[in-house]
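Residue numbers (the working numbering): 1 to 726.
Cβ coordinates follow ideal geometry from the N, Cα and C atoms, glycine included.
Take a look at the structure:
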């Protein structure tokens, strides 16, 4: 330790505390009371719709336009996650699933209709109540969506079946079976249960994303050690303000972005740059909140606090990028906007025509035609078209070590023309290793063994690489004595009776030893080893390139893709790795927000971009890219921000994922074709267009059967993906 522990003094505790920095953005649509420093509930946070960003409200809920669950506009470490909607949907789904199974069995057997009514009533009226609320909201806001159609289809099937049970006399004899009017409680129940399942999966995925973002914010410490005229004491992080002087002791995380005033140390900035080798910091250098002070004591001046820190900006960029609407979402919006009114118009037209020109009893026939249209148009096949293919396709990908997070990643991956890759942990292994040992006097084993003897007592990441290399070579590691750590320079001590120094050129200069022209190659970090007053040699440490990197880059380029490296590492090291793997375009020494800006720049240039990375510093770019690809060996935040995770951390998986994307999207298009063809043919027949020429009228029972068959065809086609060759 290079400093004495300051004594805490109570003299400052009685002073008024500064107002804490609010962890959430100000309201757009209404005035907002101050947010306390303590944990805030979901009701105190602005929520917005990913599909309609203009929709903003305080607290969670559903979008009045599309019915999608709203999500927090800004995630804060002090915000308590509101999972009430997830718990509510899960409870409704479990009840609906348990009750729908016997309803489905009884419905297929066409028996015990009163039992079906008793079981289906809570499923439709209680389990499906949120969908009816969203459908009503869509009517009020004149924004029809799939919830409108779901509510119409399930509500119509339930009400029709209820009337068939209570007043069967209003229905014509021609539709009766065994003297009874058919009921469709099973169709209404199963549809509600399936839609509830989809809501549970969606809300769970969003919850995981929010948890990962909060975990990212948790990288910053909860307190900071503030220096005042009356002494030093720990204060909550929200009580730190610009201009405050803070002490950061060895092993502690730097609390805020600032400038180093006193002391020197090595700081692990891998959170920001992705590089595993610590960076030396001295007075005048900038430090970043959330990074780790490894060796010496620092006094810093706070320059950016609260939402202005780099860490907070990373979280904000991730959230904004994840709410960006994709092409498939816009198409779904446009389709629902036209499809729902068209179905309602056809049902109304069928009812009107049958009422005025149909055979007697006209009202019964008109009601049957309208109900058949609404049932056959209920989006079961459309609802299954994408999820079934996604489910089977993602299962196939999982076997190959490729995890797809959403349909958007599958849709866009096959269209990608530019792949942006991080260096550390993506192209390289992400762990420093000894690549060479050069002996200038004596032999390599002696240089490495004496270096390892000293570094065994060191906490520096490079020390671990040296010790590990000595053990891998089976060298005997002696015990060092008189060990001293020279902050920012290296270590010295005595090994087998000889004085040894291991460190950088500055350490050798302090001891009057000339390092001469001994240097490592591009991309290597050189650690000098001096025995006595003579330079014995040096150890070159680098981050080795993955064996699969060259093959992966070659495969991507052969498919016509442009490969770009974005890295926070130094330009010389980055260019050395790029040359080795065959990448021509390199942007080095870029911060996380600069990575995100670079991806956005490619997108604005008309390119479809995939970003591959593994670190926290890659999260904004992963979320901004059309397709984010995370290494499975990387951080949770990176994987949550990405649409695809390569479990094995092997870039060759990108080519496999592209092939899987192509066959899956082809399968989805086939399913959508079947589903729309079914609706295009089924709706007019249900309305009665064949009745004048052929006397053919599609009863609601046949409409329900046709709806089931269309779903079966979609499922069968999707299951073919299990045999896809990658």
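Distance between residue 252 and residue 630 (C-alpha atoms, nearest Å) = Straight-line Cα distance between these residues: approximately 28 Å.
Cβ-based neighbour list, residue 439, same chain, cut-off 6 Å, excluding 5 preceding and 5 following = Contacts found: 447, 537.
Contact between the region 151-158 and the region 84-100 (3+ Cβ pairs under 8 Å) | Short answer: they don't touch.
Using alpha carbons as the reference points, say which of 574, 411, 63 lies closest to residue 140.
-> The residue from 574, 411, 63 with its alpha-carbon nearest to that of residue 140 is 63.
What alpha helix (DSSP H) runs, 4 residues minimum, are completely inside the region 117-143?
-> Here the runs fully enclosed are 129-140.
Are the region 398-416 and the region 587-606 in contact at 8 Å, needing three or more beta carbon pairs?
-> Under the Cβ criterion (8 Å, minimum of three pairs), the region 398-416 does not count as touching the region 587-606.
Within 10 angstroms of its Cβ, does residue 693 collect 16 or more other Cβ (buried), or is it exposed?
-> Exposed is the call here.
With 16 other Cβ atoms within 10 Å as the buried cut-off, status of residue 723 = With fewer than 16 Cβ atoms within 10 Å of its Cβ, residue 723 is classed as exposed.
Below-8 Å beta-carbon distance, residue 591 vs any chain B residue = Absent here is chain B; the protein component of the structure consists of one chain.
Is the beta carbon of residue 541 less than 8 Å from the beta carbon of residue 558?
-> Between residue 541 and residue 558, the C-beta gap is not smaller than 8 Å, which leaves the two residues out of contact.
So residue 246 packs on residue 227, CB below 8 Å; how close in whole Å?
-> About 7 Å separates the beta carbons of residue 246 and residue 227, which is inside the 8 Å limit, making them a contact pair.
Which listed residue (471, 263, 96, 596) has its alpha carbon closest to that of residue 310 = Nearest neighbour of residue 310 by Cα position, chosen from 471, 263, 96, 596, turns out to be 596.
The ligand GDP heavy atoms versus the CB of residue 392: any closer than 7 Å?
-> Because no ligand of any kind appears in the structure shown, any question about the ligand GDP cannot be addressed here.
Own chain residues within Cβ distance below 7 Å of residue 716, not counting five before or after = Cβ neighbours of residue 716 within its own chain (closer than 7 Å, five residues either side excluded): none.
Answer yes if the region 507-514 comes into contact with the region 413-422, meaning at least three C-beta pairs across the two stretches below 8 Å, and no otherwise.
-> Judged by Cβ distances under 8 Å, the region 413-422 makes no contact with the region 507-514, as fewer than three pairs qualify.
Three-state secondary structure (DSSP) at residue 25?
-> Confidence at residue 25 is low in this model, with a pLDDT of 35, below 50, so the placement of that residue should be treated as unreliable; the coordinate-derived value is given next. For residue 25, the secondary structure class from DSSP, reduced to helix, strand or coil, is coil.
Counting along the chain, where does the beta strand (DSSP E) carrying residue 482 start and finish?
-> Residues 480-486.
Give me the Cβ distance between residue 119 and residue 396, rounded to the nearest whole Å; I'm assuming they're in contact under 8 Å.
-> Not quite, the Cβ-Cβ distance comes to about 36 Å (not below 8 Å), so this is no contact.
Could you pull out every unbroken beta strand (DSSP E) segment of at least 3 residues lying fully inside the region 580-604, listed in chain order?
-> For the region 580-604, the full-length beta strand (DSSP E) segments reaching 3 residues or more read 585-587 along the chain.
Closer than 7 Å by C-beta to residue 679: which residues in its own chain qualify, once you throw out the five before and the five after it? Chain order, please.
-> Excluding residues up to 5 positions away in sequence, 377 lie with their Cβ nearer than 7 Å to the Cβ of residue 679 in the same chain.
C-alpha gap between residue 683 and residue 346, whole angstroms | Their backbone Cα atoms lie some 8 Å apart in a straight line.
Taking buried to mean at least 16 other C-beta atoms within 10 Å of its own C-beta, is residue 482 buried or exposed?
-> So residue 482 counts as exposed.
For the beta strand (DSSP E) that residue 180 lies in, which residues bound it at each end?
-> Here residue 180 belongs to no beta strand (DSSP E), and DSSP marks it neither H nor E.
At which residues does the alpha helix (DSSP H) containing residue 723 begin and terminate?
-> Following the DSSP letters along the chain, one finds residue 723 in no alpha helix (DSSP H), marked with neither H nor E.
With DSSP as the reference, label residue 228 as helix, strand or coil.
-> Correct three-state label for residue 228: strand.
Would you kindly report the start and end of the unbroken alpha helix (DSSP H) that includes residue 671?
-> That run of the alpha helix (DSSP H) goes 653-687.
Starting from residue 691 and walking both ways along the beta strand (DSSP E), at which residues does that stretch end?
-> From DSSP, residue 691 is part of no beta strand (DSSP E) but of the alpha helix (DSSP H) over 691-694.
Using the C-alpha atoms, what's the distance from residue 370 back to residue 712?
-> Rounded to the nearest angstrom, the two C-alpha atoms are 24 Å apart.
For residue 486 versus residue 507, is the C-beta distance shorter than 8 Å?
-> The answer is yes: Cβ separation under 8 Å.
Which partner residues does residue 257 have in the DSSP bridge list?
-> Looking at the DSSP assignment, residue 257 forms a beta bridge with 304.
Which stretch, first to last residue, makes up the alpha helix (DSSP H) that contains residue 553?
-> Segment 549-558, the alpha helix (DSSP H) holding residue 553.
Residue 260: buried (16+ other C-beta within 10 angstroms of its C-beta) or exposed?
-> When all chains shown are included, residue 260 counts as buried.
Beta-carbon gap between residue 657 and residue 402 smaller than 8 Å = Taking 8 Å as the cut-off, the beta carbon of residue 657 is found closer than this to the beta carbon of residue 402.
Run through the region 388-415 for me and flag every whole beta strand (DSSP E) of 3 or more residues, listed as ranges in chain order.
-> Within the region 388-415, the complete beta strand (DSSP E) segments of 3 residues or longer fall at 402-404, listed in chain order.
If I'm right that residue 484 touches residue 491 with Cβ under 8 Å, what's the distance once you round it to whole angstroms?
-> Contact between residue 484 and residue 491 holds, since their C-beta atoms are separated by about 7 Å, short of 8 Å.
Going by beta carbon distance, what residues of the same chain come within less than 7 Å of residue 304, once the five residues before and after it are set aside?
-> Cβ within range, chain order: 256, 257.
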